[in-house]
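K.L.:
In the working numbering, the protein residues as written are 932 to 1103.
Can you read through this structure? Questions will come right after.
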């Protein structure tokens, strides 16, 4: 319903990773149970995804294959999928038909809104709902496998591996 009919597994992986990154932007570490920010701009979420993909690209293919085995995520497909999305048109008004990174983010945003996990608050800003906060606290932060994935994603950012970018940037 949300992804185009031509969508493949890489689209689903990419969607899931963008959601994990979004959730992580609201918490200062994978161990925190309370959100540390009230909202995020779509552009900041996009930049966080771009940063994570750039960090992934810093690994050679052999390392990514090992990471795929460890975390059961197809990191190479995620990088390839993101690279295939056009980032040249990011300053242009986006529609769901535009094959760009921001249009992909808007598809994910609409999915999360329909699931009542986020809500748009204006000025291209979104916030988590109480439903999302409960799910994050009970599921994402608790399961060991998810915690390892979150720790890995946080470690892709420059820093000590467990500080989210928006907090690290305030410290720097």
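Don't be surprised by glycine CBs; every beta carbon is placed ideally from N, CA and C.
(1) Name the two residues that bound the continuous alpha helix (DSSP H) containing residue 1119.
(2) Could you have a look at residue 1017 and say whether DSSP puts it in helix, strand or coil?
(3) Taking only the alpha-carbon atoms, compute the straight-line gap between residue 1037 and residue 997 and give it to the nearest angstrom.
(4) Between which residues of its own chain and residue 929 is the CB-CB distance below 8 Å, once the five residues before and five after are set aside?
(5) Got a sec? Which residues, its chain only, sit under 8 Å from residue 902 by beta carbon, not counting five neighbours each side?
(6) Using three-state DSSP, classify residue 1046 as helix, strand or coil.
(7) How is the alpha helix (DSSP H) around residue 994 delimited, first residue to last?
(8) With a CB to CB cut of under 7 Å and the five nearest residues on each side skipped, what residues in its chain are close to residue 977?
(9) Going by Cα to Cα distance, which pick from 1007, 964 and 982 is closest to residue 1069?
(10) According to the neighbour-count rule (16 or more other Cβ atoms, all chains shown, within 10 Å of its Cβ), is residue 987 buried or exposed?
(11) Please work out which residues of its chain come closer than 8 Å, Cβ to Cβ, to residue 1009, disregarding the five sequence neighbours upstream and downstream, and give them in chain order.
(12) List the whole-angstrom C-beta distance separating residue 1007 from residue 992, where the pair is believed to meet the contact cut-off of C-beta under 8 Å.
P.N.:
Taking the definition as stated:
(1) Lying outside 932 to 1103, the shown extent of the chain, residue 1119 is not represented and no answer is given.
(2) strand
(3) 31 Å
(4) The shown model of the chain, from 932 to 1103, leaves out residue 929, and the question about it has no answer.
(5) No answer is possible for residue 902: the residues shown for the chain start at 932 and end at 1103.
(6) coil
(7) 992-1002
(8) The residues are 1032, 1033 and 1036.
(9) Answer by Cα proximity: 964.
(10) buried
(11) 941, 944, 945, 948, 984 and 987
(12) 7 Å
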